[in-house]
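Peer 1: To convert a position in the sequence shown, counted from 1, into my numbering, add 4.
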Amino acid sequence: MISVEEAIALVTQHAQAKSESELVNVEQSLGKTLAANLFAPISLPSFRQSSMDGYAIHLHDSNSYTLTGEVKAGDASNPRLQSGEAIRIFTGAKVPDSANAVVIQERVKKSADKIILEIQPKIGDNIRQIGEQIAEGSTCLPKGHRINPSTIGLLQSLGLAEVQVKKSLRAAVVVTGNELVEVGQSLEEGQIYESNSAVIASALAAKGIQDISQIKIKDNLEDTISQLGDALERNDLLLISGGISVGDYDFVGKALQELKVDEIFYKVLQKPGKPLFFGKRGNTYVFALPGNPASTLTCFYIYVNLLIDLISENSDPGLLRVKLPLAADYPNPFGRALFLKAKIQNSQVHILDHQASSTMISFAQANALAYIPTDQKENPAGALIETILLPYGS
Ligand code: AMP
Ligand code: MG
């Protein structure tokens, strides 16, 4: 059995960056990785903008100005101000070329067609200059950047409808288990609702992988071989849930052997998720994730997430890790490394109740996984613990 660190190193070593890229709609690009440096086609802002509601002035020696008009957001007008003249202006409006400062309305006394300034303005006050945020032609985001909601906002502000991203992986999510029933059907004795496929699919979608085939297999060797065989032909990434442990009805390991998937590792000294398998056939990566729901998701976040980032040459592969103090003692007598569902609160890590690999209730409430290595046995309150931030932490 290998350690968590060895398993992470093997994933890293076997991940081959994908060179292909594709043009996608900006609105469908969330979670994907930029395939090239992004150059700004226009400056932002592209004209001088008022950053406040107030008065655009052409500075002169006195603090009294004559009001000559108004420009609101969206107006194309460009009134010519003489020295000592002002116009009413609003946030986002084009500042006339002849104005050299904007004074906020709260610092002005207004009477009829005059304003008296209560402050001494400086040239450029409250004016966003052309290209202040981004100059036309400059690199605004580097290759390898992961697209987040603010990136989408930036791309839209630049007038871009499409963006060049790393080509999405074709992924198949395969769930195994005779006991599994789809939501919407009634449960017979001994059956449970199937949940891992939706968990994995939504975790993949958050990484920009939406084109996912879903495959359901009963616990039987022939079906497992034929369905996995098909899926191996058609996908870049196979995520199999369940059937990889040592039970009499766990057929995934045997099927992968039959199908000549090369084992890179099987079994990691960790809790949850010990019987994790990682392998490759040709250019297709295969993870067999232990079926207990918390094991499946933990293995996804630690290993699958990293692999996807490395394949897409993301510049910050893997989830962010920080060291934070433990809120209460948490000894580790298990002889395995622990990934514990945890909540960061008041800058401390609180290990949640319900750590069993079969339970999702703590995962749903967690915003982090606390990582405790195998040999870190005593973990007193206050000890600094490696804390892995979850992407959808509450
Ligand atoms: P396995 O890894 O197949 O031995 O499954 C371990 C445990 O996880 C069993 O209690 C299964 O019923 C449960 N399990 C396996 N697959 C799923 C799934 N897709 N959704 C929910 N629970 C599952
Ligand atoms: Mg099973």
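All C-beta atoms in this analysis are idealised placements derived from N, C-alpha and C, irrespective of residue type, glycine included. Because the structure is a prediction, the values reported are computed rather than measured.
(1) Cβ of E183 within 6 Å of any heavy atom in the ligand AMP?
(2) Give me the Cα-Cα distance between Q393 and Q86, rounded to the nearest whole angstrom.
(3) With a Cβ-Cβ cutoff of 7 Å, do S47 and A139 count as a contact?
(4) If I measure Cβ to Cβ from G181 and keep anything under 6 Å in the same chain, skipping five residues before and after, which residues do I get?
(5) Can you tell me whether DSSP reads T363 as helix, strand or coil?
(6) Please state whether DSSP places F281 in a helix, a strand or coil.
(7) What I want to know is whether the C-beta of P297 ends up closer than 6 Å to one or more non-hydrogen atoms of the ligand AMP.
(8) Compute the minimum distance between the beta carbon of G247 and the heavy atoms of the ligand AMP, and state whether it is under 6 Å.
(9) Determine contact between the region 268-284 and the region 202-222, defined as no fewer than three beta-carbon pairs at a distance below 8 Å.
(10) Just the Cα atoms here: how many angstroms apart are I365 and S190?
(11) Can you tell me the Cα-Cα spacing of L243 and A292, whole angstroms?
(12) If you check the beta carbons only, do L173 and D240 fall under 7 Å apart?
(13) For A205, name the three-state secondary structure that DSSP assigns.
(14) Exposed or buried, F343, counting other C-beta atoms within 10 Å across all chains shown (16 or more means buried)?
(15) If I follow the unbroken alpha helix (DSSP H) through H354, where does it start and stop?
(16) Have a look at the DSSP bridge pairing and note the partners of D266.
(17) Three Cβ pairs or more, each shorter than 8 Å: is that satisfied between the region 112-131 and the region 77-84?
(18) Please state the DSSP three-state secondary structure of Y289.
(19) On the three-state DSSP scale, how would you describe T72?
(20) Should D223 be labelled buried (16 or more other beta-carbon atoms within 10 Å of its own) or exposed?
(21) Could you check if E89 is buried or exposed, using at least 16 other CB atoms within 10 Å of its CB as the buried criterion?
Peer 2: From the atom records:
(1) As a working mapping, residue 183 is identified with position 179 in the sequence shown. E183: yes, Cβ under 6 Å from the ligand AMP.
(2) Walking along the sequence shown from the start, residue 393 turns up at place 389. Walking along the sequence shown from the start, residue 86 turns up at place 82. Reading the sequence as shown, one finds Leu at residue 393 and not Gln. Rounded to whole angstroms, L393 to Q86 spans 57 Å at the Cα level.
(3) Locating residue 47 in the sequence shown gives position 43, counting from the first residue. Locating residue 139 in the sequence shown gives position 135, counting from the first residue. Yes. Within cutoff.
(4) The count along the sequence shown starts at 1 and reaches residue 181 at position 177. Excluding residues within five positions, the ones whose Cβ falls inside 6 Å are G246.
(5) Position 359 of the sequence shown, counting from 1, holds the residue named residue 363. Here T363 sits in coil by DSSP.
(6) The sequence position of residue 281 within the sequence shown is 277, counting from 1. Three-state result, F281: strand.
(7) As a working mapping, residue 297 is identified with position 293 in the sequence shown. P297: yes, Cβ under 6 Å from the ligand AMP.
(8) As a position in the sequence shown, residue 247 is number 243, starting the count at 1. Within the cutoff, so yes.
(9) no
(10) One-based indexing of the sequence shown puts residue 365 at position 361. One-based indexing of the sequence shown puts residue 190 at position 186. Rounded to the nearest angstrom, the two C-alpha atoms are 22 Å apart.
(11) Translated into the one-based positions of the sequence shown, residue 243 becomes position 239. Translated into the one-based positions of the sequence shown, residue 292 becomes position 288. Straight-line Cα distance between these residues: approximately 6 Å.
(12) Translated into the one-based positions of the sequence shown, residue 173 becomes position 169. Translated into the one-based positions of the sequence shown, residue 240 becomes position 236. Yes, these two residues count as a Cβ contact at 7 Å.
(13) On the sequence shown, residue 205 is found 201 positions in, with the first residue counted as 1. Secondary structure at A205: helix, using DSSP grouped into helix, strand and coil.
(14) Reading the sequence shown from its first residue, position 339 is the one you call residue 343. Buried.
(15) On the sequence shown, residue 354 is found 350 positions in, with the first residue counted as 1. Segment Q352 to I355 is the beta strand (DSSP E) holding H354; no alpha helix (DSSP H) there.
(16) Residue numbering aside, residue 266 sits at position 262 when the sequence shown is read from its first letter. Partner(s): K284.
(17) Taking a contact to require three or more Cβ pairs closer than 8 Å, the region 112-131 and the region 77-84 do not qualify as touching.
(18) Within the sequence shown, numbered from 1, the residue matching residue 289 stands at position 285. In the structure shown, Y289 sits in a strand (DSSP, three-state: E or B).
(19) In the sequence shown, the residue the question calls residue 72 occupies position 68. T72: strand per DSSP, three-state reduction.
(20) Residue mapping note: residue 223 aligns to position 219 of the sequence shown, counting from 1. D223 is buried by the Cβ-count criterion.
(21) Residue mapping note: residue 89 aligns to position 85 of the sequence shown, counting from 1. Label assigned to E89: buried.
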